[in-house]
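Peer 1: Top line first, the protein sequences correspond to chains C and Z.
If you're matching positions, the first sequence starts at 1 in the numbering used here and goes up one per residue.
If you're matching positions, the second sequence starts at 1 in the numbering used here and goes up one per residue.
Glycine included, each C-beta is placed from N, C-alpha and C at the ideal position.
Computed from a predicted structure; not experimentally measured.
Number of protein chains: 2
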Amino acid sequence: MVIAALPEDRLEPTNFELAVAGIPEPGPGQVLCRTTAITIGAGQRAGLQGSASYAGAPKVGGVMGGSGLARVERSNAAGFDEGDLVRAPTGWQDYSLHEPAQLEGADAGVDPAHLLGPLGVNGLTAYFGLTEIGRPEPDQTVVVSAAAGSVGHLVGQMAKALGARVVGVAGSDEKCRLLVDELGFDAAVNRRSDDFRDEFKAATPDRIDVYFDNTGGPVLESALFRMAVGGRIACCGVVSQYDTASPAGGPRGVPGLLVNNRVTMQGFLVFDYADRYDEARTEIGRWIDEGRLNPRTTSYDGLESAPQAFVDLLAGVTVGTTVVQL
Amino acid sequence: MVIAALPEDRLEPTNFELAVAGIPEPGPGQVLCRTTAITIGAGQRAGLQGSASYAGAPKVGGVMGGSGLARVERSNAAGFDEGDLVRAPTGWQDYSLHEPAQLEGADAGVDPAHLLGPLGVNGLTAYFGLTEIGRPEPDQTVVVSAAAGSVGHLVGQMAKALGARVVGVAGSDEKCRLLVDELGFDAAVNRRSDDFRDEFKAATPDRIDVYFDNTGGPVLESALFRMAVGGRIACCGVVSQYDTASPAGGPRGVPGLLVNNRVTMQGFLVFDYADRYDEARTEIGRWIDEGRLNPRTTSYDGLESAPQAFVDLLAGVTVGTTVVQL
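(1) Using 8 Å as the limit for Cβ to Cβ distance, is PRO218/C near chain Z?
(2) Taking the Cβ atom as the reference point for each residue, do LEU115/Z and ALA106/Z lie within a distance shorter than 8 Å?
(3) Please state whether DSSP places MET64/Z in a helix, a strand or coil.
(4) Between ASP213/Z and chain C, is any beta-carbon pair separated by less than 8 Å?
(5) How would you label ASP213/C, buried or exposed, when you count the other beta carbons within 10 angstroms and need 16 or more for buried?
(6) Closest to GLY47/C by CA distance: which of ASP243/C, TYR300/C, ILE284/C is it?
(7) Determine which residues of the segment 248-269 of chain C have a Cβ less than 8 Å from any Cβ of chain D, and write them out in chain order.
(8) Any beta-carbon of chain Z closer than 8 Å to the one on GLN241/C?
(9) Extract the residue ranges of the beta strand (DSSP E) inside the segment 75-162 of chain Z, only unbroken runs of 3 or more that lie entirely within it.
(10) Hey, could you find the ends of the alpha helix (DSSP H) ILE284/Z is sitting in?
(11) Alpha carbon to alpha carbon, what distance is there between PHE128/C and ALA280/C?
(12) Using the beta-carbon of each residue, which ones in chain Z are nearer than 8 Å to ASP272/C?
(13) Whose C-beta lies closer than 7 Å to the C-beta of GLY216/Z among residues of the same chain, with five residues either side of it excluded?
(14) Are there 16 or more other CB atoms within 10 angstroms of the CB of PRO28/Z, so buried, or fewer, so exposed?
(15) Drop a sphere of 10 angstroms on the beta-carbon of PHE24/C, count the other beta-carbons inside from all chains shown, and report buried for 16 or more, exposed for fewer.
(16) Which partner residues does MET1/Z have in the DSSP bridge list?
(17) For CYS33/C, would you say it is in contact with chain Z, using Cβ-to-Cβ distances shorter than 8 Å as the test?
(18) Specify the secondary structure class of ALA70/Z as computed by DSSP and reduced to three states.
(19) Roughly how many whole angstroms lie between the Cα atoms of SER222/Z and GLU283/C?
(20) What are the boundary residues of the beta strand (DSSP E) that SER299/C is part of?
(21) Can you tell me whether GLU199/Z is helix, strand or coil according to DSSP?
(22) Can you check whether the CB of GLY117/C is closer than 8 Å to the CB of THR321/C?
(23) Beta-carbon within less than 7 Å of PRO13/Z's beta-carbon, same chain only, minus the 5 sequence neighbours each way: which residues are those?
(24) Check whether the segment 139-149 of chain C touches the segment 162-179 of chain C, counting contact only when three or more Cβ pairs, one atom from each stretch, lie closer than 8 Å.
(25) Considering GLY47/C, what are the terminal residues of the alpha helix (DSSP H) in which it resides?
(26) If you follow the alpha helix (DSSP H) that PHE185/C is part of, which residue opens it and which one closes it?
(27) DSSP puts GLU304/C in a beta bridge; with which residues?
(28) Measuring alpha carbon to alpha carbon, tell me which residue in VAL31/C, ASP84/C, LEU32/C, GLY91/C is nearest PRO58/C.
(29) Please classify PHE16/C: is it buried, with 16 or more other beta-carbons within 10 angstroms of its beta-carbon, or exposed?
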C-alpha cells in the first residue's frame, strides 16, 4: 500500500493505493519477513505532514510506513529462523526486508492483541509517559485525552493500577460509558459536549496532578486551566492538529499558568526509552495477568482495509488499538 | 504609595497616588521597619491583573506591594535590634510593621546594589531557574529573553560562569551592545528588528539547549522553533503579556514541537526554593567576588518616583535591577 498523494487537508482512503511487486530476496545478513498484522497510530498522520514530524519526510509512491508483527520467511541472519514471530517496521506491505537490528523477537505464546497493544508501542508509550513524566502518586488526579484511543485507554488503566483517580476525555458519550463502565475510569467527559468546560471542571474537583495529552488543542487548553500546583503534563501527541490543513494557534495559558502553578510540560517519544522496554513489558505483563489491564482492539481485515482503518482512527471511530490483520 | 486605580491597559503613573499616614506602633512580637530601598520587578505588573497572578488580588486604596531593604526602627521581637539591616516585604512605603518570619537579616557590609540584585530575589530567581530547570552543560547554548532586565542580565552572566554559550534577546540595539560589550554575552539579538527571526536563527547555529523565558509571546514562540532535542525551557515570567488589556494567544509549536524535540517547559517561582537561598547566595557571592557577575542597577530617588520607575521598567527603559532609593 503506497502513498498516492499526500493529504492536504483531511485524510481520505484515496491518499493510498495498492501496488503489486515481487517478493524481495534477502541479501547477506538480511531477513525477509511476512507481515501478519500492522498497528496504526494517530501519530502516523503527523508523519504525512512532512518535515513537521520526527518520522521523517514521507514520499509519494513509497510504501506507507508502520510497524507490526511478522513471521520470518527467510533468514540470512544469525538469531532469526524461519517461522519466528518478530516485531518489525514492516510498513503497509506483505513482505519486507530487514537488518537484524530492526527486528525484535516476540513471544508466539502471547495473545497477538496484547503484543500489539499493551506490550507494543502503544503500551510502552503509555507506560513511559505516565511513569517517567506524569509520575502520579496514589490518590492524585490523572486526566488523559483521547482516552478511548490506542494509548489513552491504556494510560487510564495503568494510572488506576498505580492508585490514581482517573478522568478520561473522549469524543462521544458511548466512549465515555465504555471508559467508566468497562475500563474502570473514575469519570469521563465528552469533549464535544456543549457544557464541556463545566463538566470537565466538575470531574476534576481537586484539580489535575497529571495530564497525559494525546490531543493538544482545546482539551489541552482546558487542562492547563485546571492544573494543580506542581502538576505535570506529558505531551504525547497532538491528534487535534494532525488531520487538518489549518492547525490552531497555541494554547492560552502558556506560559503564564505554567509559572503561576509551577507546572511542567514535557514532550517525549517512546523510542528514547528503547533500552528499558523489557523492564516495562515485565510490569505491563504483570498488570495484564492480574486483570488490571483490559486492552481493547479494533480490527480490520486485509491490507486493502488499512486506508479506511486510518481514516476511521483519525475520525475517532475506532476504540483501543487499531489493528489490520493481513 | 497606594493603588489609585487598577490599570485596564498600559500602566501609567496615575495608577498610583501618595498618601500620608502616621508611623505605626509595633505590637507585641512585631518589628517596625524603615524602608531604605525597594526593588521593582515586571512580575508585579501581573499582580495588578488580580486573580490571574500568584501574588493575590490587589486592592485599590491599598499600599502597593513590593520588597526591599529596611532598617529596624523599633523591635519587639527577639533577634532583631534597632538599626539592623533587613530584607522585608516593605511595600511602597516608608514604614512597615512585620512579624519576624517576614524578615531576613542582610549583611550591612555588602554593597546594597548587590543585596538587591544578584543576592536578592532577582538573583535567586536567575540562579534557581538556570541551575534547577535549565541545567546547562558546558558549551551548550543558553538563550535568555528580557536579557538586559533585572533577572535576564544575571541569568546570562551566570550561564557564562557555568561555561555555556549565551545569547540574549533584548528590546534595543543599545541593550544588545551592553550585553555583548560589557556583560560578556556571546551574542545578542534585538527583538524589535525587522529581521529578528533570521538574526535569532543566525545567533543560535547549534540550536538552543536552555531557554530562560522572561517574556512569553513572540520570543518564546521563536525559541520553541529553535530548541534542540532534549532542550529545557525555564518559564520565569511573561512580561510581554503583563502590560496590556489584550493578551496574545498561546505560542504555536505547543505541544507539537515539545513532542518532536522532547522539550521540557517548566514554570517556577523562586519562593519554592526558599530553604536553599543561603546555598545560592554563597555561590552567587563567589561569582561576584571572582568578577564573573557584573550586576547593573537603574536607580530612582524617592518614593514619589516609584510609579515612573515601574512604567519605565515595563516600557523597557531600565537596565538591570530597578531600585527606588528612599
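Peer 2: By the coordinates alone:
(1) Locating residue 218/C in the first sequence gives position 218, counting from the first residue. No, no contact with chain Z.
(2) One-based indexing of the second sequence puts residue 115/Z at position 115. One-based indexing of the second sequence puts residue 106/Z at position 106. For LEU115/Z and ALA106/Z, yes; Cβs fall inside 8 Å.
(3) The sequence position of residue 64/Z within the second sequence is 64, counting from 1. DSSP places MET64/Z in coil when its eight states are reduced to three.
(4) Looking up residue 213/Z in the second sequence gives position 213. So, interface residue.
(5) Counting from one through the first sequence, the residue named residue 213/C turns up at place 213. The residue is buried, with at least 16 neighbouring Cβ atoms inside 10 Å.
(6) One-based indexing of the first sequence puts residue 47/C at position 47. The residue with the shortest Cα to Cα distance from GLY47/C is ASP243/C.
(7) Among the protein chains in the structure shown, which are C and Z, there is no chain D.
(8) Counted from its first residue, the first sequence places residue 241/C at position 241. So, interface residue.
(9) 85-88, 95-98, 141-145
(10) For this step, residue 284/Z is matched to residue 284 along the second sequence. Counting along the chain, the alpha helix (DSSP H) containing ILE284/Z begins and ends at 277-289.
(11) For the purposes of this step, residue 280/C is taken as the residue at position 280 of the first sequence. For the purposes of this step, residue 128/C is taken as the residue at position 128 of the first sequence. So the two alpha carbons sit approximately 8 Å from each other.
(12) Numbered from its first residue, the first sequence carries residue 272/C at position 272. Within chain Z, the residues near ASP272/C are ARG262.
(13) As a working mapping, residue 216/Z is identified with position 216 in the second sequence. Excluding residues within five positions, the ones whose Cβ falls inside 7 Å are VAL238, SER240, GLN241.
(14) In the second sequence, counting from the first residue as 1, residue 28/Z sits at position 28. PRO28/Z comes out exposed.
(15) Mapped onto the first sequence, residue 24/C falls at position 24. Per the sequence shown, the amino acid found at residue 24/C is Pro instead of Phe. Under this definition PRO24/C is an exposed residue.
(16) Here residue 1/Z refers to the residue found at position 1 when the second sequence is read from its first residue. Answer is none; MET1/Z lacks a bridge partner.
(17) The residue labelled residue 33/C in the question sits at position 33 within the first sequence. By this cut-off, CYS33/C is not an interface position.
(18) One-based indexing of the second sequence puts residue 70/Z at position 70. Note: ALA70/Z maps to strand in three-state DSSP.
(19) Position 222 of the second sequence, counted from the first residue, corresponds to residue 222/Z. Position 283 of the first sequence, counted from the first residue, corresponds to residue 283/C. For SER222/Z and GLU283/C, the distance between alpha carbons rounds to 40 Å.
(20) If you number the first sequence from 1, residue 299/C lands on position 299. SER299/C -> beta strand (DSSP E) spans 297-301.
(21) For the purposes of this step, residue 199/Z is identified with residue 199 of the second sequence, where counting begins at 1. Residue state, collapsed to three classes: helix.
(22) Position 321 of the first sequence, counting from 1, holds the residue named residue 321/C. Position 117 of the first sequence, counting from 1, holds the residue named residue 117/C. For THR321/C and GLY117/C, yes; Cβs fall inside 8 Å.
(23) Within the second sequence, numbered from 1, the residue matching residue 13/Z stands at position 13. For PRO13/Z, where only same-chain residues beyond five positions count, the Cβ hits under 7 Å are PRO307, GLN308, VAL311.
(24) Taking a contact to require three or more Cβ pairs closer than 8 Å, the segment 139-149 of chain C and the segment 162-179 of chain C qualify as touching.
(25) The residue you call residue 47/C lines up with position 47 of the first sequence. Looking at the DSSP string, the run of the alpha helix (DSSP H) that includes GLY47/C is 43-47.
(26) As a first step, residue 185/C must be located in the first sequence, where it is residue number 185. First-last for PHE185/C: undefined, no H or E at that position.
(27) Position 304 of the first sequence, counting from 1, holds the residue named residue 304/C. Looking at the DSSP assignment, GLU304/C forms no beta bridge with any residue, so it has no partner.
(28) By 1-based counting over the first sequence, the position of residue 58/C is 58. Cα-wise, what sits closest to PRO58/C is GLY91/C.
(29) The sequence position of residue 16/C within the first sequence is 16, counting from 1. Burial call: buried.
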